[in-house]
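Okay, structure first, notes after.
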Amino acid sequence: MAEAEPLVAPQIEEYERRIADLRAANEGLRDAIAQIAAFQRLSNVISTTLEHEKIVGLLLDLTSEIVEYRRCVLLLYDAASNVFRADIGRNTDPAWLEDIRSEEEEGILAWVLAKGTPAILPNLRGEGGGSLLVPLSVGGQGVGVLYLATAYGGSDYVAQHFEMLSLLANQAAAAILNARLMKSAEAFGQFLHNCLDSMQDGVFVLSGGDRLSVLNRQARSMLGLPDAVREGASLSEALPETLVQQLEPQIVDTVVGGQPTVRECEIPVGGRSLPLLVTLTSLHNPEGRRDGFIGVLRDLTQTRELAQLRELDEVKNEFVSNVSHELRTPLTSIKAYTETLLDSVGADDVETRREFLSIINEECDRLTRLIGDLLSLSRIQRGKLEFHMAEHDLLALARRVMDACAVDAPRHRLTLSAPDSLPPMRFDADKMSQVFYNLVGNAIKYSPAGGKVEVEIVPREDGIEVVVADEGIGLAPHDLEKVFDKFYRVNSTSTATIGGTGLGLSITRFIVEAHGGRIWAESELGKGSRFRFVLPLAGARAGGR
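First residue of the sequence shown? That's 3 in the numbering used here, and the numbers climb one at a time after it.
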């Protein structure tokens, strides 16, 4: 038995060595499993959240499983200002953070971040142990430094601690950057959304065929869309049918032309007609492929109202100028002939005095008609133009007006064509005389070269039609549409020297319509004009207007 013992001792030593190796391997395996578990926990959080607080909180918790610390804090690096800012920590206090700030001033934090590996420093407060600084970086971009106050010195750490902490820190750095980028993207997206909602124009974006991917607040308000209309709805589901009918051909034109298109349209919204200017532009991706369309809707209501106000202002100025001229011309003539009568014509020169007085009388009549038009306009606007209806002979009235107008139109041939008699009619004689004077006077005035002015009175089943025709300069189509508008005057080289206020035809239309009739014009530029109006046989009573 004594000879066998030397052989057993080496075997026991070998077994003990193997057991120690197995235990060490088992410890290493446990550490590896713990490391994998820690990474898995951090990865799970990163994959399910982009909340900065959760990511950093888990980083600090996992760090405590690797290295026991008294206190810790994550110091985020602000590249713009080149400073470190304290973020989330454990057991921190202002004095400790102030101590760390002094290290920042010495450049220690920046040195650790640039070095890219953990560093050990003496404990700032002389508590024993030391401070462990772990940099957080990803892709060469520094995110911050994890600052740990521990009870260990430098010799208590092993390379495995540094490796695990570095892996955790860098994984957390990537998550923090992603969260930061996502927050920045969300903030920028909200900024763009606020910009779109602050615009005065409506904006919509079509993508994925005909789906609305963007619809700003003004577009919703402008089109009266309900809250149920959401982004992602189809064009036909979201927008009014009349607007869709306008957009569909415009989309085709935008694609075919390869350029933005602009169209004006009117759509019914909330019981009124909404004038819109629709601008449509193709939306392209970075590769240059068309991804959809951007539409801009501009409400033209105020634009048109402003244009109308400007037009009215111009009309007002022109009207004042025209009225001043129309008043000054006869007054100048009256003044001149009156002075001549007083200074140069003798009392025995009866013929000259009669001629001059006739001219003065005609100019006074001209002034009377002008002032009458102005008074009529004022009463029409105030709703105070009165009508005194009675039975009158329309044919006799027409003859009186034609005779009076013929005196002032020696170069024109005035003719009246009518039956020998007409049925009795009820009308305001003064107002109807004004209608005839305006129409016949215009026919003479706008036939500066002379020619024929014909008044034709024709009985019809529904009343009496009066036609005033001339061989003058005529009207262009765009003038014909506005010829009865208040203050409107034809503006051309051929009418530049022809006076007028632009009131006569608008007053004429009002009087005819007040009698229950209607009036219209027919004309061709350079070939004269025909003004027609029809009065009902029974007439129309009017009063207090």
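Even glycine gets a Cβ: it sits at the ideal position worked out from N, Cα and C. None of these values were measured; they are calculated from a predicted model.
Item	Value
Three-state class that DSSP yields for L2 in the structure shown	Residue 2 lies beyond the range of the chain shown here (3 to 547); nothing can be said about it.
Sheet register partners of W113 (DSSP bridge)	According to DSSP, W113 bridges with nothing at all.
Endpoints, the beta strand (DSSP E) within which S215 is located	R213 to L217
A498 to A523 span [Cα, whole Å]	Low confidence applies to A498: its pLDDT is 48, below 50, so where it sits in the model is not reliable enough to give any reading.
Beta bridge counterpart(s) of E458 as assigned by DSSP	S419 and V469
Among Q304, S133 and I102, nearest to Y71 - alpha-carbon criterion	S133
T152 - partner residues in DSSP beta bridges	Y71 and G132
Proximity below 7 Å, CB of S238 to CB of V231	no
Helix, strand or coil at A171 [DSSP, three-state]	helix
Helix, strand or coil at H394 [DSSP, three-state]	strand
With 16 other Cβ atoms within 10 Å as the buried cut-off, status of E365	buried
Simplified DSSP assignment, three categories, for S449	coil
Beta-carbon gap between Y149 and I90 smaller than 7 Å	no
Closest by C-alpha distance to S209, when choosing among D487, E18, S346 and F295	F295
At least three beta-carbon pairs within less than 8 Å, the region 435-442 to the region 397-404	yes
Cut-off 8 Å between Cβ atoms - residues of its own chain near N287, not counting five sequence neighbours on either side	D293
Cβ separation of R87 and L77, assumed to be a contact under 8 Å, to the nearest whole Å	7 Å
Same chain, Cβ closer than 7 Å to H2, neighbours up to 5 away in sequence not counted	A question about residue 2 goes unanswered here, because the residues of the chain that appear run from 3 up to 547.
Nearest candidate by alpha-carbon position, reference A420, set L397, A431, G297 and T305	L397
Beta-carbon gap between L62 and R92 smaller than 7 Å	yes
Coarse secondary structure for F164, derived from DSSP in three states	helix
Where the beta strand (DSSP E) containing I122 begins and where it ends	A121 to P124
Local conformation of V264 per DSSP, three classes	strand
Cβ pair F429, G297 closer than 7 Å	no
Residue range of the unbroken alpha helix (DSSP H) whose run includes A516	G506 to A516
Classification of F533 by the beta-carbon crowding that lies within 10 angstroms, buried from 16 upward	buried
Helix, strand or coil at A498 [DSSP, three-state]	Because the pLDDT at A498 is just 48, under 50, the model does not fix this residue reliably, and the value given afterwards should be weighed accordingly. Coil.
Close Cβ partners of A171 (< 7 Å) along its chain, the five nearest in sequence each way excluded	V136, P137, L138 and L148
CA nearest to the CA of S284, picked from S275, R274, V258 and E266	V258
Test item: CB-CB of G476 and L527 under 7 Å	yes
Cα-Cα separation, L183 to L115	21 Å
Sub-7 Å separation of V460 and F535 beta-carbons	no
Distance, R25 Cα to E18 Cα	10 Å
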